[in-house]
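J.: Sharing a structure with you now.
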Amino acid sequence: MSAQLLFLDGNISIDPEICNGKPTLRGKRIAVQTILEYLAAGDSEADILEQYPSLNSEDIRACLACAARLMDGKYELARVA
Numbered sequence: 001m002s003a004q005l006l007f008l009d010g011n012i013s014i015d016p017e018i019c020n021g022k023p024t025l026r027g028k029r030i031a032v033q034t035i036l037e038y039l040a041a042g043d044s045e046a047d048i049l050e051q052y053p054s055l056n057s058e059d060i061r062a063c064l065a066c067a068a069r070l071m072d073g074k075y076e077l078a079r080v081a
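In the UniProt record's numbering, the protein residues as written are 1 to 81.
Quick look at the structure:
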């Protein structure tokens, strides 16, 4: 059994053995990144739920909350060359 990290009320998990350790929705092989890319491309929540009937509205909100949390950090730029 692999180690699994759950966050955002258990909707999003990170498991090194699922999707190469990318955050996924409830341990399914649906990456948070995939849902965010659909939203960025202009797909509606209804479009996504039609494409992925095992998901619900709460899952999509969890993806947005995950992205918001990642953007909440402090970032510093370092000159490389």
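Every residue, glycine too, gets a C-beta built ideally from N, C-alpha and C.
All figures in this text were calculated on a predicted structure; none of them were measured in a lab.
Is the number of C-beta pairs between the stretch 67 to 79 and the stretch 49 to 58 that are closer than 8 Å three or more?
T.: No: fewer than three Cβ pairs fall under 8 Å.
J.: Report back the beta-carbon spacing between L55 and I30 to the nearest angstrom; my notes put them in contact at under 8 Å.
T.: Contact holds; Cβ gap of about 7 Å.
J.: Cβ of C66 within 9 Å of Cβ of P23?
T.: Yes; because the gap between Cβ atoms is below 9 Å, this pair is in contact.
J.: Quick one, which of A40, N20, G21 has its alpha-carbon nearest I60's?
T.: Of the listed residues, the one whose Cα sits closest to I60 is A40.
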